[in-house]
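Asks: Protein chains in written order, with the numbering used here: chain A, 301 to 636; chain B, 301 to 636; chain C, 301 to 636; chain D, 301 to 636. Where is the CB? At the ideal position from N, CA and C, for every residue including glycine.
Number of protein chains: 4
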Amino acid sequence: MKTLRIVVIGAGAIGREHIERIQAKMANAAVVAVCDINADNAQLMADKWGVRIEPDMHAVIAAPDVDAVVVACYDPAHAEAVLHCIAAGKPVFCEKPMATTQEDCRAIVDAEMAFGRKLVQVGFQRRYDKGYLQLKEILSSREFGAPLLVHCAHRNASVADNYDTSYAVYSTAIHEIDAIHWLIDDEYVSAQVIIPGSTRHTRPDFLKDPQLMILRTAKGVVIDIEVFVNCRYGYDIQCEICCEDAIIKLPEPSFPAVRKDAMLTVALETDWKQRFIEAYDVEFEDWVSSTLRGEVNGPTAWDGYVAAVTADALVRSQTTGEVVDIATGKTPEFYA
Amino acid sequence: MKTLRIVVIGAGAIGREHIERIQAKMANAAVVAVCDINADNAQLMADKWGVRIEPDMHAVIAAPDVDAVVVACYDPAHAEAVLHCIAAGKPVFCEKPMATTQEDCRAIVDAEMAFGRKLVQVGFQRRYDKGYLQLKEILSSREFGAPLLVHCAHRNASVADNYDTSYAVYSTAIHEIDAIHWLIDDEYVSAQVIIPGSTRHTRPDFLKDPQLMILRTAKGVVIDIEVFVNCRYGYDIQCEICCEDAIIKLPEPSFPAVRKDAMLTVALETDWKQRFIEAYDVEFEDWVSSTLRGEVNGPTAWDGYVAAVTADALVRSQTTGEVVDIATGKTPEFYA
Amino acid sequence: MKTLRIVVIGAGAIGREHIERIQAKMANAAVVAVCDINADNAQLMADKWGVRIEPDMHAVIAAPDVDAVVVACYDPAHAEAVLHCIAAGKPVFCEKPMATTQEDCRAIVDAEMAFGRKLVQVGFQRRYDKGYLQLKEILSSREFGAPLLVHCAHRNASVADNYDTSYAVYSTAIHEIDAIHWLIDDEYVSAQVIIPGSTRHTRPDFLKDPQLMILRTAKGVVIDIEVFVNCRYGYDIQCEICCEDAIIKLPEPSFPAVRKDAMLTVALETDWKQRFIEAYDVEFEDWVSSTLRGEVNGPTAWDGYVAAVTADALVRSQTTGEVVDIATGKTPEFYA
Amino acid sequence: MKTLRIVVIGAGAIGREHIERIQAKMANAAVVAVCDINADNAQLMADKWGVRIEPDMHAVIAAPDVDAVVVACYDPAHAEAVLHCIAAGKPVFCEKPMATTQEDCRAIVDAEMAFGRKLVQVGFQRRYDKGYLQLKEILSSREFGAPLLVHCAHRNASVADNYDTSYAVYSTAIHEIDAIHWLIDDEYVSAQVIIPGSTRHTRPDFLKDPQLMILRTAKGVVIDIEVFVNCRYGYDIQCEICCEDAIIKLPEPSFPAVRKDAMLTVALETDWKQRFIEAYDVEFEDWVSSTLRGEVNGPTAWDGYVAAVTADALVRSQTTGEVVDIATGKTPEFYA
């Protein structure tokens with residue numbers, strides 16, 4: 301069995317998790333090098349896992365003993381790293397967002413198409429979540445007619461201090477943007493954000509919370525997404541797809557039911573890591589094995605671009621409440 | 301529309317509830333008289349509802365302006381009252397138990413058969429509960445094969461001080477005894493009680509709690525009934541029927557689901573009145589309208605006898621743990 | 301116990317149901333007269349229940365042996381009947397809609413305030429549904445913070461041939477309009493309708509289905525209502541209220557769970573009558589007993605007016621998709 | 301990071317799965333050799349994974365490049381293999397049953413105690429199932445009082461032709477025997493089997509199905525286990541623990557809910573592999589990492605012995621229906 305030799309660009313919290321996952325759990329992948337502008341982060345990984353430190357990102361991406369790249373550095377640095385990978389012809393797994401502007405996302409798409417072969421996978425882990433996969437499979441295998449409406453909710457107990465109104469799109473709804481587009485296989489054409497009065501648990505001048513986001517697709521599907529990031533009670537992901545002949549709902553995580561004190565109580569999750577920990581594992585296993593086969597099986601650069609354009613449209617509507625057009629154009633043949 | 305003129309024998313807590321139900325909620329029934337050895341109880345009802353007080357039970361049962369009788373007096377007095385009704389040819393609704401010994405139950409059955417027409421309905425309200433009716437209807441209408449196993453639980457938060465080990469059968473499991481016999485339409489042939497260590501919330505020398513009761517039917521169905529009357533958390537009735545091709549479960553009462561503090565919580569009921577309040581109403585409506593039509597539609601004297609014999613067998617097994625035979629014999633043609 | 305003597309105006313399907321309910325099930329109410337422009341309808345009820353036929357609506361409303369009025373005639377005739385009742389000082393239960401224009405609704409409100417005492421109850425039965433009452437009680441009794449968002453769905457398996465796009469508001473969402481306004485005790489300020497591509501099971505030039513309706517309240521609560529009246533699978537009512545500290549969801553009707561053929565299956569309801577049959581009974585019991593006490597306990601003429609104004613705003617938005625203002629003004633002291 | 305070098309004894313279906321799991325998914329373990337009396341089985345694994353074939357079980361267990369052993373051969377050969385491992389001082393993972401007689405199980409226990417350090421882990425995967433772990437954690441962390449009753453069900457859609465009445469214990473209930481003993485941390489003292497009439501889907505002279513098995517523990521807990529291996533509808537594992545102050549229930553696998561044709565439907569599993577696939581992975585990861593640390597973390601030889609003695613008692617009761625004593629004696633200090 302071949303082993304995929306990986307360099308990880310960025311050894312912050314998320315980068316270290318990827319290194320841990322690859323080294324401790326994967327039989328067919330190994331981190332050979334780590335590259336971080338913060339020398340301490342890199343040293344930590346070198347000490348723990350014996351991987352070599354590479355200060356020069358360009359050089360290590362091009363290194364002959366590196367088969368593939370994981371980009372987990374500071375968001376604004378993603379685009380440069382991914383473009384280098386394409387230039388070097390190296391498969392790359394890039395954490396979301398693929399880039400922080402739609403222009404940079406487009407540049408990556410163009411570079412990849414120019415290169416002529418798909419190299420980029422974006423880290424939208426929902427597509428590897430067991431529940432979403434069941435949803436996708438049921439939607440595909442049974443005859444339920446066309447989807448018409450999708451209701452989503454994305455709730456966090458609370459968020460970090462720097463999380464402002466736009467983060468509700470860029471950090472939060474971005475996952476629904478990718479997941480729904482994949483689930484119903486359709487293209488977004490417009491966006492609108494409807495903002496209720498905010499919870500007392502936030503400062504509404506800084507973060508309006510909750511928000512109700514509306515997307516419309518080319519085929520006329522309307523998607524509503526409740527984003528509520530100070531919901532206090534837990535981390536909760538809901539998704540319900542209304543088709544012409546049936547309605548299908550994402551399952552909730554399961555816990556034992558306790559009957560006590562006149563109440564039937566089932567735990568809820570409180571943390572996105574807990575909710576998607578298995579999806580991250582499956583995502584990486586799939587990325588490694590598809591990369592070893594020379595394929596990109598997960599979310600592509602095009603999906604990263606679609607997410608960026610859609611997110612920008614939602615953020616524009618946050619200010620005005622108006623419907624904003626989304627003009628990604630048709631999916632290129634290259635990505636279809 | 302005719303009105304059923306009723307005398308209520310016994311105006312204690314349960315008798316008063318029946319009077320209240322008939323007077324306040326029913327368009328086709330009226331209490332005309334009340335009879336109680338406790339003069340205060342009777343006076344209370346006379347004052348509130350203007351019904352006449354009749355000191356002589358025999359006389360009032362026979363009175364020409366009395367069409368039917370509700371027996372809700374002290375349990376040991378049930379048999380005498382019911383036998384009077386049969387002698388007078390008056391339809392009678394008798395609270396459970398129909399009588400406190402199987403000999404008295406048998407005497408009622410024999411008297412009714414001798415009279416030649418069914419007059420007696422016993423107050424097993426489960427048969428009028430929406431969930432049990434749904435269960436019965438699904439079992440009857442779909443092809444699930446023969447029933448093989450039935451799992452029941454009957455749990456109370458707590459019980460009165462005088463509730464001893466035998467009450468677990470006579471007051472509690474008695475409802476399952478009647479309901480399962482009706483649901484699966486089969487006859488009991490043996491009983492066994494298995495007694496675990498008791499909860500610290502009881503004095504095991506007085507009340508062993510919980511208990512696991514096992515019944516077997518003529519067709520070989522095994523029924524297990526958990527009786528747990530100090531379960532603390534609420535009032536909870538469970539029933540699951542395992543057939544050859546499907547398993548069907550009694551629904552639970554529904555309450556709003558609340559997501560709060562990392563928990564999804566749904567209320568449970570705490571009181572049998574809350575659980576079966578609607579069943580009592582339906583039971584009485586059915587008794588009144590079937591009595592007006594000259595029929596007995598609910599649990600018969602035979603069902604009351606079967607319950608008594610089965611309960612005695614379970615109580616005998618409480619001491620020994622041995623399997624005890626139940627010999628009711630076949631259901632007479634008269635009751636089939 | 302007093303008996304409320306009632307005239308029923310309109311003995312069509314719904315009027316006959318009310319007569320049946322009062323005569324067969326209620327101990328403290330009686331229909332004494334019926335009035336219908338269709339003589340056959342009236343005769344049917346006279347024959348079955350022995351009620352007298354009154355051809356003149358004005359006369360019978362004013363008749364000294366009539367204590368209260370039920371208006372169940374043709375919708376456009378509601379306003380005149382209700383105004384007559386107010387003029388005669390008679391309590392009236394009017395089926396929804398109270399009137400077919402907001403001007404007529406306003407006229408009723410003004411007449412009632414001029415009369416000086418509340419007489420009118422409008423037939424919004426949701427407020428008497430067990431699940432909604434549980435929701436209301438939980439919302440009131442626990443400290444969940446302010447409501448922020450409400451998600452509703454109102455789904456019918458199919459609808460009659462004459463049901464067009466505007467019916468989705470006037471016949472369907474009208475129930476959510478009243479129920480949510482009551483649940484969260486707040487006033488609507490704007491409406492918007494977002495219309496996805498329609499199901500193949502309808503003609504979209506005649507009926508756009510489904511629709512997503514958005515209401516906003518004075519306190520900033522945003523309510524989204526999915527109306528989907530050709531959903532095929534059943535009759536389904538959903539309501540979820542997102543508060544600052546908890547999320548509460550309307551319970552679903554309960555049925556036995558069946559395990560068969562690799563599926564756990566629970567029945568869904570298919571018919572609004574089945575879903576709300578008990579609510580109609582409770583509604584009428586409450587109307588009769590509160591009327592006997594000289595009170596109006598249920599939805600008032602003001603609620604009928606609010607529903608009419610809100611519905612008109614939604615219907616206007618169906619064409620443009622724009623946000624439309626709702627200007628009912630503050631609830632008058634008289635109705636607060 | 302160290303790598304655990306493993307020999308697998310027995311390369312039939314289950315052995316091959318273990319080899320696959322170790323080679324494809326584990327970063328800290330490697331199969332170095334395989335040993336099977338069936339040369340084809342061994343060759344298959346040699347070809348696919350490049351492991352060496354060792355014909356002599358004794359030799360390979362003792363080999364210096366072998367750190368640990370997986371025993372997955374024919375059940376009657378387990379005891380000899382495990383005893384060799386103990387003699388060689390090699391950690392061993394033995395598929396259940398540890399041995400086919402309680403005498404052989406006892407011999408393993410005695411040999412291990414004589415050796416002086418725990419080496420044996422038995423393959424009861426339930427202890428690694430997410431739901432059971434949640435149950436264990438909730439039971440341990442919250443104050444629910446003592447357990448009193450445990451209700452279990454173990455249902456298979458169907459079984460192989462050679463599965464007879466005793467298999468219901470040895471192959472099926474054996475998992476509950478180990479899991480409950482672990483969950484409630486108590487010792488079995490007696491067993492009883494109650495056998496209802498059998499499903500038409502079996503030949504009752506060969507396989508009585510379903511069966512109701514009753515176990516009692518030293519502390520007085522009563523456990524009832526429904527075994528129903530021709531239940532037709534799917535693979536279903538139920539477990540409910542009744543404590544003095546609460547009742548806790550094992551969660552069910554989660555699937556999307558589909559609303560269609562008047563039914564709410566959720567898939568059930570049909571296969572034990574599907575149900576416990578993740579538990580097998582977690583079990584092996586835990587065995588490898590605890591073995592690398594020099595520990596036995598999972599079910600011990602004593603647990604294997606307890607299961608064997610308990611199973612024999614149940615099988616004895618299958619014929620008589622009588623209560624049969626279980627005399628494992630107290631857990632030795634060595635295993636406490």
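Alpha carbon to alpha carbon, what distance is there between A/LEU515 and A/GLY497?
Replies: When rounded, the distance between both Cα atoms is 21 Å.
Asks: Compute the Euclidean distance between the alpha carbons of C/ASP375 and C/TYR488, then round it to the nearest angstrom.
Replies: So the two alpha carbons sit approximately 24 Å from each other.
Asks: Where A/ALA473 and C/VAL623 are concerned, what is the direct C-alpha to C-alpha distance, given to the nearest angstrom?
Replies: Each residue's alpha carbon lies about 24 Å from the other.
Asks: Classify D/ASN530 as buried or exposed, calling it buried when 16 or more other Cβ atoms lie within 10 Å of its own Cβ.
Replies: Answer is buried; the Cβ neighbour count reaches 16.
Asks: Please confirm whether C/SER441 has its beta-carbon closer than 9 Å to some beta-carbon of chain A.
Replies: Output row for C/SER441: interface = no.
Asks: Mark A/GLU583 as exposed unless 16 or more other C-beta atoms lie within 10 angstroms of its C-beta, in which case mark it buried.
Replies: Its Cβ being crowded by 16 or more others within 10 Å, A/GLU583 is buried.
Asks: Which of the three DSSP states is assigned to B/PRO391 in this structure?
Replies: If DSSP states are grouped into helix, strand and coil, B/PRO391 belongs with coil.
Asks: First and last residue of the beta strand (DSSP E) that includes D/ALA368?
Replies: That run of the beta strand (DSSP E) goes 368-371.
Asks: Short of 7 Å Cβ to Cβ, which residues in the segment 550-570 of chain D face chain C?
Replies: Answer in chain order: ARG559, LYS560, ASP561, ALA562, MET563, LEU564, THR565, VAL566, ALA567, LEU568 and THR570.
Asks: Note down the Cα distance separating B/TYR533 from B/ASP571, rounded to an integer number of angstroms.
Replies: Those two C-alpha atoms are separated by around 11 Å.
Asks: Looking only at C-alpha atoms, which of A/ALA330, A/GLU552 and A/ILE314 sits nearest to A/LEU592?
Replies: Minimum Cα distance to A/LEU592 is reached at A/ALA330.
Asks: So is C/ASP509 in contact with chain D if we call contact Cβ pairs under 9 Å?
Replies: Output row for C/ASP509: interface = no.
Asks: Consult DSSP for C/ALA562 and reduce its assignment to one of helix, strand or coil.
Replies: Coil.
Asks: Going by alpha carbons, who is nearest to D/GLN511 out of D/PHE415, D/ALA453 and D/PHE555?
Replies: Selected option, being the one with the closest Cα: D/ALA453.
Asks: Within 9 Å of any Cβ in chain A, is that where the Cβ of D/ILE547 sits?
Replies: So yes, D/ILE547 belongs to the interface.
Asks: Determine the DSSP secondary structure at C/ALA407, reduced to helix, strand or coil.
Replies: DSSP places C/ALA407 in helix when its eight states are reduced to three.
Asks: Check whether the Cβ of B/VAL331 sits closer than 8 Å to any heavy atom of the ligand NAP, and report yes or no.
Replies: Among the components modelled here there is no ligand, and therefore nothing to report on the ligand NAP.
Asks: Counting only beta-carbon separations shorter than 9 Å, does C/ARG593 have a partner in chain A?
Replies: Not one chain A Cβ lies under 9 Å of C/ARG593.
Asks: Tell whether a beta-carbon distance below 9 Å holds between C/ARG455 and C/GLU526.
Replies: Going by C-beta atoms, C/ARG455 is nearer than 9 Å to C/GLU526.
Asks: In terms of residues, what are the limits of the beta strand (DSSP E) holding C/THR620?
Replies: Note, C/THR620: premise wrong, no beta strand (DSSP E); alpha helix (DSSP H) at 601-620.
Asks: Less than 9 Å between the C-beta atoms of D/CYS368 and D/PRO391, yes or no?
Replies: With the sequence shown as reference, residue 368 of chain D is identified as Ala, and Cys is not the correct amino acid for it. Taking 9 Å as the Cβ cut-off, D/ALA368 and D/PRO391 qualify as a contacting pair.
Asks: According to DSSP, A/SER490 sits in a beta bridge with which residue or residues?
Replies: DSSP, once it has assigned bridges, lists A/ARG516 and A/ASP625 as partnering A/SER490.
Asks: Report the rounded CA-to-CA distance for C/PRO599 versus C/VAL307, giving the unit in angstroms.
Replies: Approximately 20 Å, taken between the alpha carbons.
Asks: Is it a yes or a no for the segment 352-362 of chain B touching the segment 614-632 of chain A, going by three-plus beta-carbon pairs under 8 Å?
Replies: Flag = no, the segment 352-362 of chain B and the segment 614-632 of chain A do not touch.
Asks: If I measure Cβ to Cβ from A/CYS539 and keep anything under 6 Å in the same chain, skipping five residues before and after, which residues do I get?
Replies: Same-chain partners within the cutoff: CYS452 and LEU550.
Asks: Unbroken alpha helix (DSSP H) runs of length 4 or more, entirely within the segment 320-346 of chain A: which are they?
Replies: The segment 320-346 of chain A contains no whole alpha helix (DSSP H) run of 4 or more residues.
Asks: Does the segment 432-443 of chain A come into contact with the segment 495-509 of chain A, if we say contact requires no fewer than three beta-carbon pairs (one atom in each stretch) closer than 8 Å?
Replies: No, because fewer than three Cβ pairs between the segment 432-443 of chain A and the segment 495-509 of chain A fall closer than 8 Å, the two stretches do not touch.
Asks: Output needed for D/TYR535: all residues of its chain with C-beta closer than 8 Å, excluding positions within five of it in sequence on either side, in chain order.
Replies: Excluding positions up to five away in sequence, the list reads ARG455, ASN456, ALA457, LEU568, GLU569, THR570, ASP571, TRP572, GLN574 and ARG575.
Asks: Does the count of Cβ pairs from the segment 379-391 of chain C and the segment 459-471 of chain C closer than 8 Å reach three?
Replies: Flag = no, the segment 379-391 of chain C and the segment 459-471 of chain C do not touch.
Asks: Mind pulling the alpha helix (DSSP H) runs of 4 or more residues that sit fully within the segment 412-444 of chain B?
Replies: As far as the segment 412-444 of chain B is concerned, its whole alpha helix (DSSP H) runs of at least 4 residues are 430-441.
Asks: Do the CB positions of C/GLY431 and B/PRO556 come within less than 9 Å of each other?
Replies: A contact, by the Cβ cut-off of 9 Å.
Asks: Please report the residue range of the alpha helix (DSSP H) in which D/ALA377 lies.
Replies: That residue, D/ALA377, is in no alpha helix (DSSP H); it is neither H nor E in DSSP.
Asks: Below 7 Å CB to CB, which residues in the same chain sit around D/ILE314 once its five sequence neighbours on both sides are set aside?
Replies: Contacts found: ALA372 and GLU395.
Asks: Mind checking the segment 497-526 of chain B against chain D and listing, in chain order, the residues whose C-beta falls within less than 8 Å of any C-beta there?
Replies: Flagged, chain order: GLY497, SER498, THR499, ARG500, HIS501, PRO510, LEU512, ILE514, ARG516, LYS519, GLY520, VAL521, VAL522, ASP524 and GLU526.
Asks: Alpha carbon to alpha carbon, how far is A/PRO397 from D/ILE322? Give it in angstroms, no decimals.
Replies: Using only the alpha carbons, I get a separation of about 34 Å.
Asks: Are C/TRP482 and C/ASP603 touching if we call contact CB-CB under 9 Å?
Replies: The answer is yes: Cβ separation under 9 Å.
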